[in-house]
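Mapping of the sequence shown onto the working numbering: position 96 corresponds to residue 94, and the numbering continues sequentially without gaps.
Note that beta-carbon positions come from the ideal geometry of N, C-alpha and C, so glycine has one too.
Quick caveat, the model's predicted, so the values are computed rather than measured.
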Amino acid sequence: MESVKNCSNGWPCAALPSADLRDRTTLKVGGVVEWLVEPKSPEELVAAVKFAREAGLAVRVLGGGANLLIASETLSGCVISTDNLNRTFRPTDLEEGNELSGSDAPLSRVAPAPVSDDPRLVLWAGARLQGLVRTAYQLGLRGAELLSGVPGHVGGALAMNAGSRAWGFWDQVERVWLLDPLSGEVMERAREECSPTYRDGHLDGTIALACVLRFETDNKTLLKNEAAEYLRAKSAAQPVTKKSAGCIWKNPDPEQSNGRGAGKLVDDLGLTGLKVGDAMVSTQHGNFVLNNGAATGAEVLELIEEVERRVQSETGIQLLREVRQWGGANGESPVLEPA
Ligand SMILES: Cc1cc2nc3c(=O)[nH]c(=O)nc-3n(C[C@H](O)[C@H](O)[C@H](O)COP(=O)(O)OP(=O)(O)OC[C@H]3O[C@@H](n4cnc5c(N)ncnc54)[C@H](O)[C@@H]3O)c2cc1C
């Protein structure tokens, strides 16, 4: 993976021109972006977006690239990565004098907790989900163990409302800090002011900078064992060591699908093992598309569309995508459009 060290062309943080994003995604498919930008604090991220806005560049945000299909060979504008925003704090770390409590800091309004057993964590957008799982069980905090084995960053988990069928990341959120890329305003939002749904945090074009998560307290060993058990079950059911973008489709309405998840529907129609080039529907789990070698974004997209067509024609069910797509037909819009 290319490291981002340059501070070129006036960017207020590290920025690399013509960066290949392939190795920044778990599917290992991706194009070359005009600028890859790596802020190392929420403040630098805010400044980088301001710079991009004034330069008229499109802005996209990249976390761990674990639910992302980059379908085109080139992307214009910039991709802001949260790779260097990998920080987790206890609320007590935010008392007066701490570097986060300066008046300009977007996190300055996290109330310092008077007690050290406060069951909350403060996480920047680039905090790793597996780091969160470990930190939580080490501190005896219940609520993150269901993320065991789920790759990605906290910002991506907020955007996707990552989780399982019955639980989503937002169930633990107390509040978030969101940047409006159009106005440059940083907004603090309580959980009740947000509207996440199944596998969608509904960030509505904003960029997640940080959040406070609230947990229940529980026995550390019990939590560690539960996390290990989730990981074991996940590894048995899903191709976690292969190159994929996680689940491609959301599970359909159980009434429509007789309770079958998207993967089971694909499996029942005999579509596992279906290939386009080096892209293949996993034989272990029908909701995963694998890159078996040198698959291109276009091949992965063609395979996804073919599966959707067959499921639609044979069951009448229109599968909806969970995976986010950049570039290619119907790819998602940048959070900031080019001027
Ligand atoms: C093997 C495997 C297993 C998985 N298992 C699960 C699972 O059990 N449950 C589950 O829910 N998911 C699962 N996933 C999918 C993935 O791990 C989650 O969706 C995760 O939350 C993605 O986070 P990310 O940081 O990688 O996001 P990315 O893939 O980088 O981005 C996804 C979307 O979020 C946006 N985004 C990223 N960061 C921000 C930000 N700071 N602000 C605003 N928008 C942002 C991106 O622009 C993009 O639209 C799995 C993936 C893999 C590869």
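* To do: State the DSSP-derived secondary structure class of Leu288, mapped to helix, strand or coil.
  => Position 290 of the sequence shown, counted from the start, is the residue given in the question as residue 288. Leu288 falls in the strand class under three-state DSSP.
* Comparing alpha-carbon positions, which option in Ser181, Asn65, Ala160 and Asn223 lies nearest Gln136? -> Position 138 of the sequence shown, counted from the start, is the residue given in the question as residue 136. Closest by alpha carbon: Asn223.
* Terminal residues of the continuous alpha helix (DSSP H) containing Ala225? -> Taking the sequence shown and counting its residues from 1, one reaches residue 225 at position 227. Segment Lys218 to Ala235, the alpha helix (DSSP H) holding Ala225.
* Return the bridge partner residues of His151 from the DSSP annotation. => For the purposes of this step, residue 151 is taken as the residue at position 153 of the sequence shown. In the DSSP output, where bridge partners are listed per residue, His151 has Arg126.
* To do: Spatial neighbours of Gln316 within its chain, please: CB distance less than 7 Å, with the 5 preceding and 5 following residues excluded, ordered by chain position.
  => Along the sequence shown, one-based indexing puts residue 316 at 318. Taken in chain order, the residues that qualify are Gln310.
* Asked: Just to check, is the beta-carbon of Lys232 closer than 8 Å to a non-hydrogen atom of ligand 1?
  -> On the sequence shown, position 234 is the one that residue 232 refers to. At least one heavy atom of ligand 1 is nearer than 8 Å to the Cβ of Lys232, so yes.
* So the alpha helix (DSSP H) Thr313 belongs to, where does it begin and stop? -> Within the sequence shown, numbered from 1, the residue matching residue 313 stands at position 315. Going by DSSP, Thr313 is part of the alpha helix (DSSP H) stretching over Gly295 to Thr313.
* **Asn159 vs Thr195 beta-carbon contact at 9 Å** => Position 161 of the sequence shown, counting from 1, holds the residue named residue 159. Position 197 of the sequence shown, counting from 1, holds the residue named residue 195. Contact flag set, yes.
* List the endpoints of the continuous beta strand (DSSP E) containing Gln170. => Along the sequence shown, one-based indexing puts residue 170 at 172. Note, Gln170: premise wrong, no beta strand (DSSP E); not H, not E.
* With respect to 8 Å, is the separation between the Cβ of Thr219 and the closest non-hydrogen atom of ligand 1 below this value? -> Residue mapping note: residue 219 aligns to position 221 of the sequence shown, counting from 1. Outside the cutoff, so no.
* Which value, in whole angstroms, describes the spacing of the CA atoms of Leu245 and Asn285? -> Mapped onto the sequence shown, residue 245 falls at position 247. Mapped onto the sequence shown, residue 285 falls at position 287. Inspection of the sequence shows that residue 245 is occupied by Cys rather than by Leu. Going from the Cα of Cys245 to the Cα of Asn285 covers about 5 Å.
* Glu227 classed as buried or exposed, judged by whether at least 16 other C-beta atoms fall within 10 angstroms -> To locate residue 227, count along the sequence shown from 1; it is residue 229. It is exposed - the Cβ of Glu227 has fewer than 16 other Cβ atoms within 10 Å.
* Asked: Can you give the Cα-Cα distance for Cys209 and Lys262, rounded to whole angstroms?
  -> Counted from its first residue, the sequence shown places residue 209 at position 211. Counted from its first residue, the sequence shown places residue 262 at position 264. Each residue's alpha carbon lies about 34 Å from the other.
* To do: Note the first and the last residue of the continuous alpha helix (DSSP H) segment covering Glu374.
  => No statement about residue 374 is possible, as the shown extent of the chain runs from -1 to 337 and does not include it.
* **For Phe49, three-class secondary structure by DSSP** => Position 51 of the sequence shown, counting from 1, holds the residue named residue 49. Reduced to three states, the DSSP call for Phe49 is helix.
* Asked: Based on Cα-Cα distance, which residue from Gln282, Arg140, Phe167 and Arg163 lies nearest to Thr239?
  -> Residue numbering aside, residue 239 sits at position 241 when the sequence shown is read from its first letter. For Thr239, the nearest C-alpha among the options comes from Gln282.
* Where does Asp18 sit, in a helix, a strand or coil, going by DSSP? -> For the purposes of this step, residue 18 is taken as residue 20 along the sequence shown, with counting starting at 1. Strand at Asp18.
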